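Data block below; observations after.
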Amino acid sequence: MTTRTETDFTHLDQNLYAKAFQLLDPTPEPVVAAPAALSPVSVIVAAAPPAHRPGPVEKTLTDALAFLDTHGWAKHRLIHPEGARCSIGALRAAAGARTTAYRDAGKLLLDEARRQHGSHWKAIPAWNDAHAGPQVRSVWEAAIQRAHQQNI
Numbered sequence: 023m024t025t026r027t028e029t030d031f032t033h034l035d036q037n038l039y040a041k042a043f044q045l046l047d048p049t050p051e052p053v054v055a056a057p058a059a060l061s062p063v064s065v066i067v068a069a070a071p072p073a074h075r076p077g078p079v080e081k082t083l084t085d086a087l088a089f090l091d092t093h094g095w096a097k098h099r100l101i102h103p104e105g106a107r108c109s110i111g112a113l114r115a116a117a118g119a120r121t122t123a124y125r126d127a128g129k130l131l132l133d134e135a136r137r138q139h140g141s142h143w144k145a146i147p148a149w150n151d152a153h154a155g156p157q158v159r160s161v162w163e164a165a166i167q168r169a170h171q172q173n174i
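23 is the number of the first residue of the sequence shown in our numbering; add one for each residue after it.
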């Protein structure tokens, strides 16, 4: 068997490819130097935490508070003619139906209202109507935080 060692390849000018690509793309994107390799420790530190998925109760409470922020908060009425709602009206709007998440969100909200404003409150509407907006908002935010911590 005879093996050929000559290749018959013609030497090419290395700048030829650069010139050809410049003709194809006259305004190339600037080349950004790759960042230096990270050490394994810095990769672990730089890793993003897992995304939080709110549970149904947290989502219902968060959506209800967003509804209040968007449409307004009301006292002494479930729904104000201009669209504002009381706390229970916002919960109903957020839940869409009286689901388990709606009932559990209401229980958590009332529990937080009792924790902040006394254990004598029997229902959300009575507590809602007896307090000012910042006090009501504080209860909503604390209830959302508790739902988040309990992952419910």
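Yeah, the Cβ is synthetic: ideal placement off N, Cα and C, and Gly gets one too.
Here the structure is a predicted model, which is why all the values come from computation and not from measurement.
Between the C-alpha atoms of residue i and residue j, what's the straight-line distance to the nearest angstrom?
| i | j | result |
| --- | --- | --- |
| residue 27 | residue 37 | Only weak support exists for where residue 27 lies, its pLDDT of 48 falling under 50; the value from the coordinates is given anyway. If I take the Cα positions, the gap works out to 27 Å. |
| residue 89 | residue 45 | 57 Å |
| residue 98 | residue 145 | 13 Å |
| residue 94 | residue 104 | 9 Å |
| residue 136 | residue 165 | 11 Å |
| residue 72 | residue 172 | 17 Å |
| residue 149 | residue 119 | 22 Å |
| residue 157 | residue 84 | 17 Å |
| residue 76 | residue 139 | 26 Å |
| residue 123 | residue 112 | 14 Å |
| residue 81 | residue 131 | 13 Å |
| residue 197 | residue 174 | Given that the chain is displayed from residue 23 to residue 174, the structure contains no residue 197 and the question cannot be resolved. |
| residue 159 | residue 96 | 12 Å |
| residue 92 | residue 41 | 58 Å |
| residue 86 | residue 161 | 13 Å |
| residue 143 | residue 121 | 23 Å |
| residue 74 | residue 117 | 20 Å |
| residue 114 | residue 125 | 10 Å |
Quick check on residue i: does DSSP put it in helix, strand or coil?
| i | result |
| --- | --- |
| residue 166 | helix |
| residue 107 | strand |
| residue 174 | coil |
| residue 129 | helix |
| residue 122 | helix |
| residue 26 | For residue 26, the pLDDT reaches just 48, beneath the cut-off of 50, and the residue's location in the model is therefore unreliable, although a value from the coordinates is still provided. Looking at residue 26 - three-state DSSP - the assignment turns out to be coil, as it is neither helix nor strand. |
| residue 73 | coil |
| residue 149 | helix |
| residue 31 | Any answer about residue 31 is weak, because its pLDDT of 45 lies below 50 and its placement is not dependable; what the coordinates show is given next. Correct three-state label for residue 31: coil. |
| residue 116 | helix |
| residue 160 | helix |
Can you tell me the Cβ-Cβ gap for residue i and residue j, rounded? I've got them flagged as a contact below 8 Å.
| i | j | result |
| --- | --- | --- |
| residue 154 | residue 79 | Incorrect: roughly 25 Å between the Cβ atoms, too far for contact. |
| residue 134 | residue 168 | 7 Å |
| residue 187 | residue 101 | Outside the shown range of the chain, which is 23 to 174, sits residue 187, and nothing can be said about it. |
Taking the DSSP output, what are the residues bridged to residue i?
| i | result |
| --- | --- |
| residue 95 | 107 |
| residue 101 | 107 |
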